[in-house]
Structure formats: structure tokens, C-alpha cells
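Q:
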Amino acid sequence: MSDDDRLAVIGGSGAHRVLADAADKCTRLGPVETPFGESSPLYRVRVGDVSFLFLPRHGEGGYQIAAPWVNYRANIYALKEQAVSRILSWSGPGAIDTTLQVGQFVLPNDLLDETRGRESSFYKGTGLGFIRQAPVFCPELRDAAARSLELLRLEHRDYGVYVCTQGPRLETPAEIRRYRRDGAALVGMTLCPEAFLARELEMCYAAVCYVTNYAEGVYETETRPGDLFGGLMGEAEKEAADEALGRFLEIATLVARTVPEERRCGCGLAMERYRKEGRIGDDWHTWIGED
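What follows is the structure, given as C-alpha cells:
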């Protein structure tokens, strides 16, 4: 791994399309074998004086693996194996909050986990993993993302609760009403358990979201079989979302350039209690529990 690969970006099928158009900047490194199976393939992206690793969470060439079946443990393990210390998640959720606009960027500051049955810990069968989840996202990495969006003069909001649902189906209107009552602004399917797994391996994790559509029931829309999101996204929304997606490489590159080289956040000390108790050592590989 290159010394300046201080950041890895996990993105969806849309981000992979953007990188495909910039193939001259990408080098395929391939998947990594882990105790939890094979990860999604890794790429090194180099733009000017910076580089970062990219992992397409849904597989290569499009949406090949739906959110419930992504091998989140293998992906996070693979990035840790590459000595990555910071992970930026790129995600395109739907908006529950009507004050958000399609195409607007949001840096969520909290999570609601509505997933079921996903393997959400590396410490299965052990007594490890009893760690805090506040702040949910690394403040240092979030700050770098916010400064990057400001420098690019992109409309954004630096707060919002993201509710992560199980999928692969979209949510019902009643579910969205409940999530709104619970304070959620965004709904998606991928940040959980990514954020929790990254915390367990003492990696910084933050998300840059771009609003792709309004969630079910927020506005009355006609069902259009065969359309993306079944009609929840009109032509104007699609254009706005595509425009935001087109800024992916620019944003990721600027975050990689902006984030401090040395971590001063507390993410690297998430497991410190277990060190002090003598239950874990310096080799993180030995922390891992049963598959």
C-alpha cells in the first residue's frame, strides 16, 4: 500500500460508474481473502498528489450484491489489512425530511439501526465489543468532509439522523412515518453495520450522503413499474441526483487532501479499556472472534 493512502472510500454502484469514466486514475488491486470470506475488490485511485483506496460495496459493474448480503465484515477487515485508518462512506439515501432537496449533500451525525440478521461484530463468541457509539461518526473526518464541501461551494447540511433499513425492498409509508417520528432525516440500507465494524477495529468512519429521492409517502407519487425506485424519482430528481453523483471523485479527492495526516480523534482508542485490562494486545488480528 502507498504511504499516502490514508483514506479508503466505500461507495455504491453509482460511484463505481464515476470511477469507470476516470479509468486512467484507477488501478485495480482486486479482492482480499479474509476470515469472513472474500471482500469486494479494491482499487487505488490517484488524482494529482493524493491517492485513496476505493471499495465498491455492491460489487463491480453495478448493483450486483444488494445491501442485506454485502459482506460487511470482509470489506472492513480487508481495509484494515491494508493499513487504512479512515473510511469515508459514499451513500445515496432517500429523504424523509422535506426541507432537504434532492441532490443536496448531508453529513449525518447519528444512526438508527433497523437491520436484522446482519453480522454486526467481529467479536462473536468473545467478551469484547462493549464500546460506546458516540460520537457515531468520526468528528475529524466529518470536519474534513464539511470543509471539502464548503471549498467546492456545494449545498450541504452537516447534521441529520440516517435510519438504516434491512432491504432489499423499499420501506412502507407507515415505516417512513415511524422513522420521521423517531427523528430520522434520511433512509438508506448500507451504513449499518459498516460504522459499527469500523469502530470495533478502531478506524475512523464518516459518511457523505447525497439525497437521491424522497422516501415512500413523503409526497404522493404515481407507481411506475420498470422505473428506478418504482416512480419515487422523477426526471428532475434524477438529474439532480446524477449531478451530485458526478461530484464524487472531486469530493473524495479533496477529503483525502484535507484530512490531517495524524489522527487526533478518539477513534483509535475505542478498544483501550480492553488493552488496559490485558485482554487484547497490539495485533488486532488476535481480537477477532468466531466466524
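Quick note: the sequence shown uses the numbering used here, first residue 22, plus one each step. Every residue, glycine too, gets a C-beta built ideally from N, C-alpha and C.
(1) Does the beta-carbon of F217 have 16 or more other beta-carbons within 10 angstroms, so that it is buried, or is it exposed?
(2) Specify the secondary structure class of E215 as computed by DSSP and reduced to three states.
(3) Can you pull the DSSP bridge partners for H177?
(4) When you compare each of E54, R268 and T119 to N234 by their alpha carbons, which one comes out closest?
(5) By Cβ distance below 6 Å, which residues in the same chain neighbour I86 in space, the five residues on each side in sequence not counted?
(6) Report all residues from its chain with a CB closer than 8 Å to the CB of C159; omit the five preceding and five following residues, and keep chain order.
(7) Are there 16 or more other CB atoms within 10 angstroms of the CB of R190, so buried, or fewer, so exposed?
(8) If distances are taken between C-alpha atoms only, which option among R65, V68, A99 and A41 comes closest to F57?
(9) What residue does the beta strand (DSSP E) around P77 start on, and which one ends it?
(10) Three or more C-beta pairs under 8 Å: does that hold for the segment 234-245 against the segment 127-143?
(11) Helix, strand or coil for Y98? Go by DSSP, reduced to three states.
(12) With C-beta atoms as the reference, is L222 less than 8 Å away from K101?
(13) What is the rounded straight-line gap between the Cα of L28 and the Cα of A262?
(14) Over what stretch of residues does the beta strand (DSSP E) that includes D134 continue unbroken?
(15) Within the same chain, show all residues whose beta-carbon is closer than 6 Å to that of V91, passing over the 5 residues directly before and after it, in chain order.
(16) Where do the ends of the beta strand (DSSP E) carrying R49 lie?
A: Per the coordinate set shown:
(1) Counting other Cβ atoms within 10 Å of its Cβ, F217 reaches 16 or more and is therefore classed as buried.
(2) helix
(3) F126
(4) Of the listed residues, the one whose Cα sits closest to N234 is T119.
(5) H79 and G80
(6) R107, C225, Y226, A227, C286 and C288
(7) exposed
(8) A99
(9) V71 to P77
(10) no
(11) helix
(12) Yes, the Cβ-Cβ distance between L222 and K101 is below 8 Å.
(13) Each residue's alpha carbon lies about 25 Å from the other.
(14) D131 to E135
(15) Counting only Cβ-Cβ distances below 6 Å, and skipping sequence neighbours, we find R78.
(16) C47 to G51
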